[in-house]
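Enquirer: Using my numbering, you'd call the opening residue of the sequence shown number 3 and step up by one each time. Ideal Cβ positions, reconstructed from N, Cα and C, are used throughout, including at glycine.
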Amino acid sequence: MNSVFKKITAACVAAVSVLVFDFAAGAAEPVVVGIVHREDFAYAKMMKNAFEMALEEINNAGGIKGQPLQLIFSDDQGEPKTGEQAVKSLVEEKKVVMMVGGYSSSNTLQMAYAADRLDKPFLVATAADDRITRHNLENIYRLNPPASEYTKGLEEFLLDQVKPTSMSIVYENSPYGTGGARQMMDFCRANEIEIKGVHPYFKKGATPEYLQKVLSPIQEDQPDAIFMVSYLDDAVMLVRKAREMKIQSLLCGGAGGFTHASFCRKTGNASENMVTATLWSPAAKFAMAKDFYDRYVKQYSIQPDYHAAEAYSALLVSADALNRSRSLASDDIRAALNDTKIETPFGSVEFKDYGPFKRQNASATQVFQIKNGNFETIWPPVLATSTYSVPSK
Numbered sequence: 003m004n005s006v007f008k009k010i011t012a013a014c015v016a017a018v019s020v021l022v023f024d025f026a027a028g029a030a031e032p033v034v035v036g037i038v039h040r041e042d043f044a045y046a047k048m049m050k051n052a053f054e055m056a057l058e059e060i061n062n063a064g065g066i067k068g069q070p071l072q073l074i075f076s077d078d079q080g081e082p083k084t085g086e087q088a089v090k091s092l093v094e095e096k097k098v099v100m101m102v103g104g105y106s107s108s109n110t111l112q113m114a115y116a117a118d119r120l121d122k123p124f125l126v127a128t129a130a131d132d133r134i135t136r137h138n139l140e141n142i143y144r145l146n147p148p149a150s151e152y153t154k155g156l157e158e159f160l161l162d163q164v165k166p167t168s169m170s171i172v173y174e175n176s177p178y179g180t181g182g183a184r185q186m187m188d189f190c191r192a193n194e195i196e197i198k199g200v201h202p203y204f205k206k207g208a209t210p211e212y213l214q215k216v217l218s219p220i221q222e223d224q225p226d227a228i229f230m231v232s233y234l235d236d237a238v239m240l241v242r243k244a245r246e247m248k249i250q251s252l253l254c255g256g257a258g259g260f261t262h263a264s265f266c267r268k269t270g271n272a273s274e275n276m277v278t279a280t281l282w283s284p285a286a287k288f289a290m291a292k293d294f295y296d297r298y299v300k301q302y303s304i305q306p307d308y309h310a311a312e313a314y315s316a317l318l319v320s321a322d323a324l325n326r327s328r329s330l331a332s333d334d335i336r337a338a339l340n341d342t343k344i345e346t347p348f349g350s351v352e353f354k355d356y357g358p359f360k361r362q363n364a365s366a367t368q369v370f371q372i373k374n375g376n377f378e379t380i381w382p383p384v385l386a387t388s389t390y391s392v393p394s395k
C-alpha cells in the first residue's frame with residue numbers, strides 16, 4: 003500500500019512539476035511585435051536605434067505583464083508588393099500581435115490595407131500620406147501628423163515673420179511630396195501669396211544636373227520664398243544647387259530630409275539661415291523630450307531628430323496598450339489603443355477622430371532655422387531657443 007501511495011505521490015509531484023514548469027515557460031514566452039522597416043531609408047538606423055532603446059527600457063520595467071517584449075524587423079523596401087508581403091509574413095508566420103513602423107508613404111497605405119484585411123493592429127510611426135488615416139481602417143492608428151498638417155507651424159511663422167508675397171514650390175513626386183506641396187499651394191491661395199511656379203521632380207535618378215533643370219525657372223524669376231519637400235539626399239542637392247545658382251529666396255524645408263542630423267554638415271554654408279518645418283525638437287516642452295535626446299546622444303553618439311522620437315514613442319505607446327489590453331487578441335488591443343492617453347518624448351499621445359481623419363494623434367509642428375551650422379527652434383515663440391534672423395542677400 004505504501005509502495006503504491008509513494009508511486010502515486012511521486013507521479014502527482016511529477017505532474018505538478020511539469021505543470022509548474024509549463025506555466026513558467028509559458029509566462030516567459032515573448033510578446034512579439036512586428037516592425038515594418040526599410041533598410042535603405044535615410045532614417046532607418048536612427049529609428050532602429052530608437053526602437054531598440056525603447057525595447058530595452060520596456061523589458062527592464064517588466065515587459066508586457068511580466069512577459070518579455072520581442073521585436074521582429076521586416077524590410078518592406080519601400081515597395082507596395084514587398085510591403086504587403088512583409089505584413090503578411092509578420093502576421094501569418096511570425097505571429098506578431100501588432101505592428102509598428104511604416105516609413106515611406108508610397109507603400110505604407112498598401113501595408114495598412116493588408117494589416118486591416120488580416121485584422122492586425124498597425125501603429126504608423128512616420129509615414130505621412132493623408133489617406134492612411136482618412137480611410138476607415140479599424141486596425142490603423144497613426145502617431146505622427148498627416149502630411150497636410152506638417153507645415154502648420156511654418157505657415158504661422160511665414161505669416162507672422164516673413165510675410166512673403168510670392169513663392170515657388172519644389173517637391174518629390176510621391177504621396178508624401180505631393181501632400182506637402184498641395185497643402186502649401188492651398189496656404190498660398192488662402193493668403194494671397196503669388197505662386198510663381200510648382201516644380202515636381204522624380205526622386206529616382208535625381209542628380210545635381212537634373213535638379214538644376216528643375217530650379218532653372220526659379221533662377222530666372224526668383225520668389226520671396228521657396229518651399230521644398232524632399233528626403234535627405236535630394237534636400238542636400240537642392241540646397242547646394244540653389245545657392246550655387248545664386249538663388250537668393252528664403253529656402254523653406256517641409257521637414258523630411260531638412261531636419262536630419264547630418265543635413266547641416268552635408269550642406270555647409272549653403273543651408274545657413276534657411277528655415278524648415280519640424281515635428282519635434284529636444285527643446286519642446288514635453289516632459290520626456292530632453293531626457294530622451296540626452297540619453298540617445300549618450301548611447302549612440304548622434305543627435306536624434308523627430309524620426310527617432312516617433313519610433314521610440316510609438317513603441318512606448320504600443321507597450322502601454324498591450325499592458326492594458328485584456329488579452330493579446332486584436333479586438334482587445336484595439337480597445338486599449340482607443341483608450342490611449344500617454345506622455346511620450348513626442349508629446350501627449352491620444353488617438354481621435356477629427357475632420358477627415360480616423361484614429362489619428364494630433365501634434366503641433368515647429369520651425370527650425372539653421373544658425374552657425376546648427377538647428378535653432380524659432381517657432382512657436384513659447385518653444386523658441388532663438389529669434390528669426392533675416393537672411394542677407
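Taking the beta carbon of V33 as the centre, do at least 16 other beta carbons fall within 10 Å, making it buried, or is it exposed?
Expert: If you number the sequence shown from 1, residue 33 lands on position 31. Buried, since its Cβ has 16 or more Cβ neighbours within 10 Å.
Enquirer: Ignore the nearest five residues each way along the sequence and tell me which others in S388's own chain have a CB closer than 8 angstroms to its CB.
Expert: As a first step, residue 388 must be located in the sequence shown, where it is residue number 386. Answer for S388: Q371, K373, E378, T379 and I380, listed in chain order.
Enquirer: Taking just the CA atoms, how far does N109 sit from Q221?
Expert: On the sequence shown, position 219 is the one that residue 221 refers to. On the sequence shown, position 107 is the one that residue 109 refers to. Taking the straight line from one Cα to the other gives about 34 angstroms.
Enquirer: How many whole angstroms separate the CB atoms of V102 and V35, which I take to be in contact at a CB cut-off of 8 angstroms?
Expert: Your numbering for residue 102 matches position 100 in the sequence shown. Your numbering for residue 35 matches position 33 in the sequence shown. Yes, they are in contact, since the Cβ atoms of V102 and V35 sit about 6 angstroms apart, within 8 angstroms.
Enquirer: Leaving out the 5 sequence neighbours to the left and right, which residues in its chain are closer than 7 angstroms to A285 when beta-carbon positions are compared?
Expert: In the sequence shown, counting from the first residue as 1, residue 285 sits at position 283. T379, L385 and T387.
Enquirer: If you pair each beta-carbon of the region 130–137 with each one of the region 226–244, do three or more pairs fall below 8 angstroms?
Expert: no
Enquirer: What first and last residue would you give for the alpha helix (DSSP H) that runs through E59?
Expert: Numbered from its first residue, the sequence shown carries residue 59 at position 57. A46 to N62 is the extent of the alpha helix (DSSP H) around E59.
Enquirer: Reducing DSSP to helix, strand and coil, say where I2 ends up.
Expert: The requested residue 2 does not occur in the structure, where the chain is confined to residues 3 to 395.
Enquirer: Are the CB atoms of Y212 and E174 nearer to each other than 8 angstroms?
Expert: Reading the sequence shown from its first residue, position 210 is the one you call residue 212. Reading the sequence shown from its first residue, position 172 is the one you call residue 174. Cβ atoms of Y212 and E174: not closer than 8 angstroms.
Enquirer: Pull up the distance between the alpha-carbon of Y308 and that of A263, whole angstroms please.
Expert: Against the sequence shown, residue 308 aligns to sequence position 306. Against the sequence shown, residue 263 aligns to sequence position 261. Those two C-alpha atoms are separated by around 10 angstroms.
Enquirer: What is the DSSP secondary structure of G36, reduced to helix, strand or coil?
Expert: Residue mapping note: residue 36 aligns to position 34 of the sequence shown, counting from 1. Three-state result, G36: strand.
Enquirer: If you check the beta carbons only, do F260 and A311 fall under 8 angstroms apart?
Expert: Counted from its first residue, the sequence shown places residue 260 at position 258. Counted from its first residue, the sequence shown places residue 311 at position 309. Taking 8 angstroms as the Cβ cut-off, F260 and A311 do not qualify as a contacting pair.
Enquirer: Does the count of Cβ pairs from the region 292–304 and the region 269–276 closer than 8 angstroms reach three?
Expert: no
Enquirer: Below 8 angstroms on the Cβ atoms is my guess for T128 versus Y105; work out the distance and round it to an integer in Å.
Expert: Position 126 of the sequence shown, counted from the start, is the residue given in the question as residue 128. Position 103 of the sequence shown, counted from the start, is the residue given in the question as residue 105. At roughly 5 angstroms, the Cβ-Cβ gap stays under 8 angstroms, so T128 and Y105 are in contact.
Enquirer: Indicate whether A338 and K354 have their beta-carbon atoms separated by less than 8 angstroms.
Expert: The residue labelled residue 338 in the question sits at position 336 within the sequence shown. The residue labelled residue 354 in the question sits at position 352 within the sequence shown. Contact flag unset, no.
Enquirer: Thinking C-beta only, is T280 closer than 8 angstroms to Q185?
Expert: On the sequence shown, position 183 is the one that residue 185 refers to. On the sequence shown, position 278 is the one that residue 280 refers to. Result no, Cβ atoms of Q185 and T280 do not sit closer than 8 angstroms.
Enquirer: Ordered along the chain, which non-local residues of its own chain (more than five positions away) have a Cβ less than 7 angstroms from that of K268?
Expert: Stepping through the sequence shown from its first residue, residue 268 is reached at position 266. Excluding positions up to five away in sequence, the list reads V238.
Enquirer: Which of helix, strand or coil does DSSP assign to T379?
Expert: Residue 379 sits at position 377 when you count from the first residue of the sequence shown. In the structure shown, T379 sits in a strand (DSSP, three-state: E or B).
Enquirer: From the DSSP output, in three-state form, read off E1 for me.
Expert: The requested residue 1 does not occur in the structure, where the chain is confined to residues 3 to 395.
Enquirer: Is it buried or exposed, G68, if we count other Cβ atoms within 10 angstroms and call 16 or more buried?
Expert: As a position in the sequence shown, residue 68 is number 66, starting the count at 1. So G68 ends up on the exposed side.
Enquirer: Decide yes or no for the touch test of the region 44–64 against the region 84–93: beta carbon pairs closer than 8 angstroms, at least 3 of them.
Expert: no
Enquirer: In the DSSP assignment, find the unbroken alpha helix (DSSP H) run with A114 in it and report its ends.
Expert: By one-based count along the sequence shown, residue 114 stands at place 112. Per DSSP, A114 belongs to the alpha helix (DSSP H) from S107 to R119.
Enquirer: In the DSSP assignment, find the unbroken beta strand (DSSP E) run with N363 in it and report its ends.
Expert: The residue you call residue 363 lines up with position 361 of the sequence shown. Looking at the DSSP string, the run of the beta strand (DSSP E) that includes N363 is F359 to N363.
Enquirer: Is DSSP giving G349 helix, strand or coil here?
Expert: For the purposes of this step, residue 349 is identified with residue 347 of the sequence shown, where counting begins at 1. The answer is strand: DSSP assigns G349 an E or B state.
Enquirer: Give me, in chain order, the residues of the same chain whose beta-carbon lies closer than 8 angstroms to that of P210; leave out the 5 immediate sequence neighbours on both sides.
Expert: Residue 210 sits at position 208 when you count from the first residue of the sequence shown. Same-chain partners within the cutoff: M239, R242 and K243.
Enquirer: Can you tell me which of the three DSSP states P70 falls into?
Expert: The residue labelled residue 70 in the question sits at position 68 within the sequence shown. Note: P70 maps to coil in three-state DSSP.
Enquirer: Among residues of its own chain, excluding the 5 on either side of K97, which ones have a beta-carbon nearer than 8 angstroms to its beta-carbon?
Expert: On the sequence shown, position 95 is the one that residue 97 refers to. If we look at K97 and ignore the five residues flanking it on each side, its Cβ neighbours are V34.
Enquirer: Would you mind sorting S176 into buried or exposed? The rule is 16 or more other CB atoms within 10 Å of its CB.
Expert: Reading the sequence shown from its first residue, position 174 is the one you call residue 176. Answer is buried; the Cβ neighbour count reaches 16.
Enquirer: Could you spell out where the beta strand (DSSP E) holding Q221 opens and where it closes?
Expert: The sequence position of residue 221 within the sequence shown is 219, counting from 1. First-last for Q221: P210 to E222, but that is the alpha helix (DSSP H), not the beta strand (DSSP E).
Enquirer: So is R40 buried or exposed if we call it buried at 16+ other beta carbons inside 10 Å?
Expert: For this step, residue 40 is matched to residue 38 along the sequence shown. Classification for R40: buried.
Enquirer: Rank P358, L160 and S315 by C-alpha distance to the C-alpha of I228 and give the top, closest one.
Expert: Taking the first residue of the sequence shown as position 1, residue 228 is located at position 226. Comparing Cα positions, the closest option is L160.
Enquirer: Just curious, the alpha helix (DSSP H) that L156 is in, first and last residue?
Expert: Here residue 156 corresponds to residue number 154 of the sequence shown, with the count starting at 1. Run containing L156: K154 to F159, per the alpha helix (DSSP H) assignment.
Enquirer: For D78 and L252, I'd like the C-alpha separation in whole angstroms.
Expert: Numbered from 1 along the sequence shown, position 76 holds the residue referred to as residue 78. Numbered from 1 along the sequence shown, position 250 holds the residue referred to as residue 252. Cα to Cα, D78 sits roughly 36 angstroms from L252.
Enquirer: Tell me which same chain residues have a C-beta within less than 7 angstroms of the C-beta of A27, skipping the five on either side of it?
Expert: Indexing the sequence shown from 1 puts residue 27 at position 25. Residue placement at A27 cannot be trusted, given a pLDDT of 38 that sits under 50; the coordinates are not used to answer.
Enquirer: For M230, which residues from the same chain have a beta carbon less than 6 angstroms from its beta carbon, with the 5 sequence-adjacent residues on both sides left out?
Expert: As a first step, residue 230 is located in the sequence shown; it is residue number 228 there, counting from the start. Apart from sequence neighbours up to five positions away, the residues of its chain that approach M230 with a beta-carbon distance below 6 angstroms are V172, L240 and G255, ordered along the chain.
Enquirer: Within a Cβ cutoff of 7 angstroms, which residues of the same chain sit near E352, ignoring the five residues on either side of it in sequence?
Expert: Counting from one through the sequence shown, the residue named residue 352 turns up at place 350. Answer for E352: T342, K343 and N363, listed in chain order.
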